[in-house]
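Accompanying notes for the structure given below.
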Amino acid sequence: MKFRQILISAGLTGALLLGACNKTLEVEPLFQKDGSQIFTTLQDYEYALTGAYGLMRQVGYLGSGGQTTSTWALLPDMMADNLVRTAEDLANWQVQINWAYATDEDDLQVAWLAAYSVVNQANLVLRNIDRFAATEETRVNRIKGQALALRANAHFDVLRYWGENFDRNSTARGIPYVESADFTNKPPRLSVAETWNKIFADMEQAETLLGNVDTPVNAGSSRGAIDQDVVRALLARMHLYAKNYAQAEAYATAVIEAFPLADQATFPSIWTDASTDEVIWAVAFNAGEGSPAIGTHLASTNRNRYRPAAAAEALYDQENDVRHPSYFATRLLGTTRRRILYKYFSRTDVRQRLLDETSETLPAQRPTGDNVVNWKISRTGEMYLIRAEARALQTGKADLALEDLNALRAARIANYEPETGLAGQALVDAIATERRKELFAEGHRWFDLKRTTRTVNRGTECGAGSAVCTLGPTAREWTWPIPQLEVDSNPALSNQQTTGF
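Pasting the structure below:
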């Protein structure tokens, strides 16, 4: 294929003008549209796969920037009732926190593009990789399986904000599902059911492929890439959202058998990256790569932009629950005592140098931190909660659900006495409360309230500069509008805007 170009640049040299005047030039393209001249070896595909993982760190996805916070990391807790805006914040994310977004909101556009950039990079990895399968099948399986899972998970993340419903067979509006790197493709907005069809197809293929690979995806204790266990953990989560409770239970069980809960002595070390016990998948962050957590407590400058909600912190047994000192701390600003989110402070455990609860002054050695820790996407604690909820919502499995709830609590709370007799809605509510405690500030709270059609009720903790305290379960704001620029550029979305926008 050749392009016929007419040279019209006035900046060309005189010699070129004399040689090419009034003529067309035959120019060979540098690359073919199908990418076959770009990726010529499987090592090229390996590099591209690394790029897909790297895009998860970008501002708008997990990373946090001046105007756009970590959309799938801490923002869900800010938008709900776990993290409260303080007067130290500059209201950069007030639109999301106050549920005041419109179709032309820049932050929503940034989030949309961030997720679909991961999708696009995964599609680049998938494009034409099967041509190597005949000679290097297991290596292709390893690369392709990860790319399929990355693509499906990014679409799932988009569905969590932009899907109007999560039920497996819902005909409500889902999202566009992009399966090629062709920029001319203009995908329509699928129904939720159609979106799930594609997500599960990609994930199930990934699970199969990653069961037959040339070398382990994660070496040693590293948990930074998607292997078969990660796929199963994500499938457990996805099936819970879709209300496929038997499947959610089965996948969670498979992961629990491979990843036991951390003991109480080890649990704090998870949050300084000193231990990977019960960590199933974590996106790596290193110095210079940003952090999901700088929008809450900025450790290096002692700026507390979002504090833990007092109502959430009050749920813990503060004397015996190992989660409490792992997640929360007190830090002074002048003489003002402030509660801070501690779990993402730094890779160095500095709690002994923060303000002691009985002290009136900060120790002379000031604490230091940079908020650089790996972002834990999936942990065994979540798997116990998925299985407990899935069992509680199936007939005849309340006792098993309570066993899971008690097992998780016993792993976190010293001298815990197992609860007995919980069943029905009381059991479901207890699991939801435990989920809030276990997964505090891990990017679940908004979505948990949305998928269970509950109300956000911030009580008296609406946050600085806000009078918006309550969001009912039928409000349009649970589903984000598709960015107007996307609608304008894709005719297939012209009549598919989110209901109410």
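Residue numbers for the sequence shown follow the working numbering, so the first one is 14 and each next one is one higher. Ideal placement from N, C-alpha and C gives every residue a C-beta, glycine not left out. The structure displayed is predicted, hence computed values, not measured ones.
From Ile444 to Pro338, what distance separates their C-alpha atoms?
Near 22 Å, if we compare the C-alpha coordinates of Pro338 and Ile444.
Near Gln407, which residues of its chain fall below 6 Å by C-beta distance, leaving aside the five closest residues on each side in sequence?
Here the set comprises Tyr258.
Express the C-alpha separation of Met69 and Val131 in angstroms, rounding to a whole number.
Computed Cα separation, rounded: 7 Å.
Which of helix, strand or coil does DSSP assign to Asn317?
Asn317: strand per DSSP, three-state reduction.
Determine which residues share a DSSP beta bridge with Val132 and list them.
Val132 pairs with nothing; no bridge assigned.
Are three or more beta carbon pairs between the stretch 291 to 304 and the stretch 401 to 416 nearer than 8 Å?
The stretch 291 to 304 vs the stretch 401 to 416: no contact.
DSSP has Asn470 in a bridge; who is on the other side?
According to DSSP, which records beta bridges pairwise, Asn470 is partnered with Thr483.
State buried or exposed for Ser502, treating a residue as buried only when at least 16 other CB atoms are found within 10 Å of its CB.
Looking at its Cβ environment, which holds fewer than 16 other Cβ atoms inside 10 Å, Ser502 is exposed.
Look up Gln497 in the DSSP assignment and say whether it is helix, strand or coil.
Gln497 falls in the helix class under three-state DSSP.
Using the three-state DSSP reduction, which class does Cys34 fall into: helix, strand or coil?
At Cys34 the pLDDT is 40, less than 50, meaning the model places this residue with poor confidence and gives no usable figure here.
I'd like to check one pair, Trp493 with Tyr114: are the Cβ atoms closer than 8 Å?
Yes, the Cβ-Cβ distance between Tyr114 and Trp493 is below 8 Å.
With a threshold of 16 other CB atoms inside 10 Å of the CB of Leu43, please say whether the residue is buried or exposed.
Because the pLDDT of Leu43 is 38, which lies under 50, any placement of that residue in the model is unreliable, and the question is left without a value.
For the alpha helix (DSSP H) containing Ala325, list its first residue and its last residue.
Element bounds for Ala325: 323 to 326.
Where does Gln378 land, buried or exposed, given buried means 16+ other C-beta within 10 angstroms?
Here Gln378 scores only 48 on pLDDT, less than 50, and its place in the model should not be relied on; the value that follows carries that caveat. So Gln378 counts as exposed.
On a Cα-Cα basis, can you pick out the residue from Asp215, Ser193, Ala271 that is closest to Asp242?
Selected option, being the one with the closest Cα: Ala271.
Which residues does DSSP list as the beta-bridge partners of Ile353?
Paired residues: Ala342.
Around the Cβ of Gly187, are there at least 16 other Cβ atoms within 10 angstroms (buried) or fewer (exposed)?
Buried, by the Cβ-count rule.
What did DSSP end up calling Ile390 once you bin it into helix, strand or coil?
Reduced to three states, the DSSP call for Ile390 is strand.
Given this structure, state the Cα-to-Cα distance separating Phe7 from Arg144, to the nearest angstrom.
Limits of the chain in this structure are 14 at one end and 514 at the other, which puts residue 7 out of reach.
Which residue or residues does DSSP assign as beta-bridge partners of Trp294?
Ser391, per the DSSP bridge assignment.
What does a CB cutoff of less than 8 Å around Asp57 pick up in its chain, not counting 5 residues either side in sequence?
Result list for Asp57: Ile51, in chain order.
Buried or exposed: Gly394, going by 16 or more other Cβ atoms within 10 Å of its Cβ?
With 16 or more other Cβ atoms within 10 Å, it is buried.
Applying the criterion that 16 or more other CB atoms from any shown protein chain within 10 Å of the CB defines a buried residue, is Lys450 buried or exposed?
Classification of Lys450: buried, given that the 10 Å Cβ count is 16 or more.
In or out: Ala505 buried (at least 16 other Cβ within 10 Å) or exposed?
With fewer than 16 other Cβ atoms within 10 Å, it is exposed.
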